[in-house]
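These notes are about the structure you will find just below.
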Amino acid sequence: NCVDRKQPHLCVMIQFAIAGVPRFTRGDEQVFGMAGTGTFAEQLILPQEAAIKIDDDVPFEIASLIGCGVSTGVGAVINTAKVEPGSSVVVFGCGGVGISAIQGARVAGAAKIVAVDLNPDKHEVAKSFGATHACAPDDLAALQAELTGDGFDYAFEAIGLPVTMRAAYDAVRRGGTACIIGVGGMDKEVSFNGFEIFFGEKTFMGSYYGSVDVRSDFKRLLDLWKAGQLDLESMITKRMSIDEINDAFDLLRKGEAVRTVITF
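Heads up, the sequence shown is in our numbering, so the first residue is 122 and it goes up one at a time.
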């Protein structure tokens, strides 16, 4: 995947490298870090390919956003689904990844960008980052009919629930693309019948880490930020110390923050 297929984000060597063995402990307890990352450790060992140089004028808190959520959301739009200018887009979920997808759609030149979230407070937030419309899930069908008639060109799911994955598929027109960014449970399934798969000719795809190549895409995203095309400062709604990290997770669960930056 890294060389022949030019898909380094899908490299399997990291799975072999960690082999299911945690690299962190808390006393006698094993601590598993998602995707083999640092679990908020102050120091960690990593291969040189994973150390990406940034310019001196890039603040660490901005770089920290690029490190995962922004790359995942923007990358899903630009790299994975390859949204075209003038197209219509709907994004399910207005957390950090969903807001990044909205910004990616704006950068890609989408003409209509609809944000869908249960929390009405997120609607104006989404519009401030580039959404042209925002609504609750129950209001999407009417808005979809008004804006597109037959469905959106692209849908992005940034929640990770089967019901919203299915909703993303249903929201796109025949021949459209539904892209799943949210991480669903291994025990959760999404169902389709055989006829709709054939008849709709829709693309239902996943996006792992925004299909990014960190060696080039980090710089590309930071260049967009420097040019004023990505608003990263406004995504930071809270700054908290490492001692407050559990409070930060509570904000995440409640959907009360776009992105919280943890400082040591």
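Even for Gly, the Cβ is constructed at its ideal location relative to N, Cα and C.
Is the beta carbon of residue j closer than 7 Å to that of residue i?
i: V204; j: A226; result: yes
i: A292; j: F273; result: yes
i: G217; j: R360; result: no
i: V195; j: Q350; result: no
i: G327; j: I301; result: yes
i: I234; j: G207; result: no
i: G281; j: V311; result: no
i: A222; j: V198; result: yes
i: K243; j: P283; result: no
i: V179; j: L342; result: no
i: F370; j: E163; result: no
Could you check what DSSP says for residue i in three-state terms: helix, strand or coil?
i: R380; result: strand
i: F320; result: helix
i: E170; result: helix
i: C132; result: coil
i: A276; result: strand
i: V152; result: strand
i: F385; result: coil
i: F181; result: helix
i: I187; result: helix
i: A255; result: strand
i: V304; result: coil
i: R287; result: helix
i: A292; result: helix
i: A299; result: strand
Would you report the Cα separation of residue i and residue j, rounded to the nearest angstrom?
i: A263; j: V246; result: 21 Å
i: T146; j: I166; result: 15 Å
i: S332; j: K340; result: 15 Å
i: A266; j: A299; result: 18 Å
i: M307; j: E354; result: 34 Å
i: F320; j: N314; result: 10 Å
i: S249; j: E317; result: 36 Å
i: Q393; j: I187; result: What is shown of the chain runs 122 to 385, which leaves residue 393 out entirely.
i: E170; j: P258; result: 41 Å
i: D368; j: S337; result: 34 Å
i: G230; j: Y330; result: 22 Å
Less than 8 Å between C-beta atoms, sequence neighbours within five positions excluded: which residues of the same chain meet that for residue i?
i: N240; result: C215 and G376
i: E322; result: R295 and G296
i: F161; result: I363, I366 and I383
Excluding five sequence neighbours on each side, which residues of the same chain lie with their C-beta closer than 7 Å to the C-beta of residue i?
i: A378; result: T358, K359 and L372
Using a Cβ-Cβ cut-off of 6 Å (strictly less than) and excluding sequence neighbours within five positions of residue i, which residues of its own chain qualify?
i: T285; result: F213 and E278
i: S209; result: K233, T269, F273 and D274
i: V335; result: I173
i: A276; result: V211, A289, A292, V293 and A299
i: L345; result: L351
- Going along the chain, which unbroken runs of the alpha helix (DSSP H) with 4 or more residues stay wholly within the segment 193-232? Listed in chain order, the complete alpha helix (DSSP H) runs (minimum 4 residues) inside the segment 193-232 are 217-229.
- Task: Quick one: which unbroken alpha helix (DSSP H) runs of 4-plus residues sit fully inside the segment 308-374? Chain order, please.
- Result: For the segment 308-374, whole alpha helix (DSSP H) runs of length 4 or above, ordered along the chain, are 315-321 and 335-347.
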